[in-house]
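Q:
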Amino acid sequence: MGSVDPQVVFVVSRDRTRASLLAPALPSAEVIYVADAETLLREAHVKPPQVVLLYTDTPGVPLAQVLPLLRQRAELAGTHWLAVGTQGLGALLAAGADALISDTTPTEAVATQVRTMLGRAQQHHDNQERVAQLQRRMDTWEHEERIRDQLVHMLVHDLKNPIAAVMGLLEVVEDDTRVPDDSRDLIKVARDETQHLLHLAVNMLDVRKIQAGKMNLRRELMFSPMFAEVIELARGDVGSGLRDRHVRVEVEPGLSPASADPEILRRVMANLISNAMKHTTTGGVITLIVRQGKEEVQFLIRDDGEGIPAEDIPNLFAAFEQSRLTLHGRFDTGMGLAFCKLAIEEHGGTIFVESERGKGATFTFTLPLGQDSDDEDFAELLN
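Residues 158 to 540 in our numbering are what the sequence shown spells out, letter by letter.
#1: Can you tell me which residues form a DSSP beta bridge with Thr519?
#2: Going by the beta-carbon positions, is the gap between Phe522 and Val364 smaller than 8 Å?
#3: Looking only at its own chain, which residues have a Cβ that is under 6 Å from the Cβ of Arg375, when we skip the five neighbours before and after it?
#4: Could you have a look at His436 and say whether DSSP puts it in helix, strand or coil?
#5: Check each candidate in Leu211, Pro216 and Gln207 and name the one with the smallest Cα separation from Glu232.
#6: Among residues of its own chain, excluding the 5 on either side of Ala347, which ones have a beta-carbon nearer than 8 Å to its beta-carbon?
#7: Taking only the alpha-carbon atoms, compute the straight-line gap between Ile388 and Gly398 and give it to the nearest angstrom.
#8: Starting from the C-beta of His281, find all residues in its chain whose C-beta is less than 8 Å away, skip the five residues before and the five after it, and write them out in chain order.
#9: Could you have a look at Ser397 and say whether DSSP puts it in helix, strand or coil?
#10: So what's Val323 in DSSP terms, helix, strand or just coil?
#11: Measure the Cβ-Cβ separation of Thr264 and Leu179 and say whether it is below 8 Å.
#12: Could you check the C-alpha separation between Ser170 and Arg199 for me, to the nearest Å?
#13: Who are the Cβ neighbours of Val408 in its own chain at under 6 Å, not counting the five residues just before and after it?
#14: Hey, could you find the ends of the alpha helix (DSSP H) Ile501 is sitting in?
#15: Ala240 and Leu257: beta carbons closer than 8 Å?
#16: Determine, using beta carbons only, whether Trp238 and Ala254 come nearer to each other than 8 Å.
#17: Assign Pro181 to one of three DSSP states: helix, strand, or coil.
#18: Which ranges does the beta strand (DSSP E) cover as unbroken runs of at least 3 residues, wholly within the region 223-300, from first to last along the chain?
#19: Gln207 by DSSP, collapsed to three states: which one?
#20: In terms of residues, what are the limits of the beta strand (DSSP E) holding Met379?
#21: Leaving aside the five residues before and after Gly505 along the sequence, list all residues of the same chain whose C-beta is less than 6 Å from its C-beta, in chain order.
#22: Apart from the five residues just before and just after Arg481, which ones in its own chain have a Cβ nearer than 6 Å to its Cβ?
#23: Using DSSP with H/G/I as helix, E/B as strand and the rest coil, what is Pro471?
#24: Please state whether DSSP places Ser413 in a helix, a strand or coil.
#25: Give the secondary structure of Arg171 by DSSP, where H, G and I count as helix, E and B as strand, and everything else as coil.
#26: Using the C-alpha atoms, what's the distance from Ser259 back to Thr243?
#27: For Gly517, collect the residues of the same chain with a Cβ closer than 7 Å to its Cβ; drop the 5 residues on either side in sequence, then sort them by chain order.
#28: Locate the beta strand (DSSP E) running through Ala186, then write down its first and last residues.
#29: Quick check: the Cα distance between Arg173 and Ala248, rounded to an integer number of angstroms?
#30: Kindly confirm or deny that the region 221-229 and the region 178-193 touch, where touching means at least three C-beta pairs closer than 8 Å.
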């Protein structure tokens with residue numbers, strides 16, 4: 158390891174012997190004699206000291222005039238200033254001196270005061286080093302985060318078009334009457350998996366957007382018929398696998414209007430329906446309920462599938478933490494549920510799950526009712 162530079166102490170005085178007497182009492186520091194204020198200004202720039210003794214009898218420009226200038230220098234931010242004398246101490250204190258001491262104080266007592274200041278200066282230096290290190294880490298993290306966001310954004314946008322093209326081609330082939338039935342089943346599976354891949358990519362992008370505060374909601378006042386329409390669209394987004402399940406939809410009529418982004422709500426419902434489908438077998442029952450709460454509209458997505466292990470529930474809505482114990486053995490990143498949580502909370506609502514292993518699960522989320530500012534829109538819609 159390299160040697161550590163000693164701390165520097167300036168003795169600004171008309172008498173050089175003061176520095177000579179102090180040096181032996183501070184063997185771990187470099188004590189430098191400075192003759193006047195002009196020399197102090199120059200030397201402090203060349204070799205920043207940790208402690209400066211300012212003797213009031215120093216000739217030339219008064220030290221009280223240059224001290225404010227010195228204290229403004231960034232490289233002297235951790236320097237401690239000790240005013241020494243019997244007269245003129247008030248001016249140095251007003252100019253920014255950290256402490257006062259008489260020039261008749263014994264050398265050892267002065268050295269003790271200087272050692273205390275050196276300790277504080279070292280602590281300041283260490284703190285600055287830690288702050289600088291943390292700042293470098295933060296800068297590195299922010300740089301990596303920006304690159305990660307750019308890569309995710311590029312990846313998703315580069316994937317969306319070819320995936321959509323593949324889905325379109327598979328639909329064309331599936332509808333072709335010349336395709337044998339056994340091949341048609343394989344094509345259906347391929348189309349469903351392609352749609353699942355598209356959902357994963359889009360969810361990944363949206364989770365990053367919400368985390369970065371870049372998801373701008375386009376809120377509308379939504380009523381019972383609109384909720385039913387959103388659910389129907391979400392069912393279509395899930396894919397053909399839903400045909401093997403019994404889906405029940407119960408939307409309470411006359412619901413108070415909720416403030417929500419219909420497109421985001423559709424995405425949330427599609428993710429939760431898809432999740433229910435993955436955890437149920439053929440012939441399973443998925444129930445979708447929209448009902449009135451006290452100060453919100455409640456949405457329940459209930460299935461009679463395998464349920465969720467109790468130990469998985471606390472981290473269920475965190476990306477990459479979704480339960481892996483699905484009936485169909487499909488690996489899932491958990492981005493879908495992470496998106497649901499972030500999107501609902503962005504709306505000002507809440508989401509949670511209740512489940513018992515082997516007895517299905519119920520996902521419940523809420524949306525706040527329309528605010529007073531929406532009263533005019535509400536009246537308009539009623540008319």
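Just so you know, even glycine gets a beta-carbon here, dropped at the ideal spot from N, CA and C. As the structure is a computational prediction, the values presented were derived from the model and not from experiment.
A: Put simply:
#1: Arg459 and Glu511
#2: no
#3: Asp418
#4: coil
#5: Gln207
#6: The beta carbon of Ala347 sits closer than 8 Å to the beta carbons of Leu327 from its chain, once the five residues preceding and following it are set aside; these are given in chain order.
#7: 16 Å
#8: Ala234 and Gly235
#9: helix
#10: helix
#11: yes
#12: 15 Å
#13: Contacts found: Ser381, Phe384, Ala385 and Val447.
#14: Met492 to His504
#15: A contact, by the Cβ cut-off of 8 Å.
#16: yes
#17: helix
#18: 237-241 and 256-258
#19: coil
#20: Glu377 to Met379
#21: Pro525.
#22: At Arg481 the pLDDT is 47, less than 50, meaning the model places this residue with poor confidence; the figure from the coordinates comes in the next sentence. Within the same chain, Arg481 has no close Cβ partners at all.
#23: helix
#24: coil
#25: coil
#26: If I take the Cα positions, the gap works out to 6 Å.
#27: For Gly517, where only same-chain residues beyond five positions count, the Cβ hits under 7 Å are Arg459, Asp460, Asp461, Gly462 and Gly464.
#28: Ala186 to Val191
#29: 23 Å
#30: no
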